[in-house]
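Asker: Input: one structure, supplied below.
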Amino acid sequence: GILVQTGEGLLALRELQLAGRKPLDFRSFVNGARDFVGSRLGEEI
């Protein structure tokens, strides 16, 4: 999965879902959202 740094450690995400979209496995999500890597969650991508 995708590892996300939190204030408490790392969180592994296996599925992601943007608002109004269907859930995707992490590989499909990253292929369609290449700007995601290095971004901050909660910000527009």
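Heads up, the sequence shown is in this note's numbering, so the first residue is 15 and it goes up one at a time. Glycine included, each C-beta is placed from N, C-alpha and C at the ideal position. Every value quoted in this text rests on a predicted model; they were computed, and no experiment measured them.
1. Below 8 Å on the Cβ atoms is my contact criterion, and I expect Ile16 with Leu27 to pass it. Report the Cβ-Cβ distance as a whole number of Å.
2. In three-state terms, what does DSSP make of Gly23?
3. Skipping 5 residues on each side, what residues in its chain have a beta carbon closer than 8 Å to that of Leu82?
4. Residues in its own chain within less than 6 Å of Pro37 by CB, not counting five upstream and five downstream?
5. Does Val18 come out as helix, strand or coil in the three-state DSSP assignment?
Answerer: Reading off the structure:
1. Yes, Ile16 and Leu27 are in contact; Cβ-Cβ is about 5 Å, under 8 Å.
2. strand
3. Only positions 15 to 59 of the chain appear in the structure, and residue 82 is not among them; the question remains open.
4. Glu29, Gln31
5. strand
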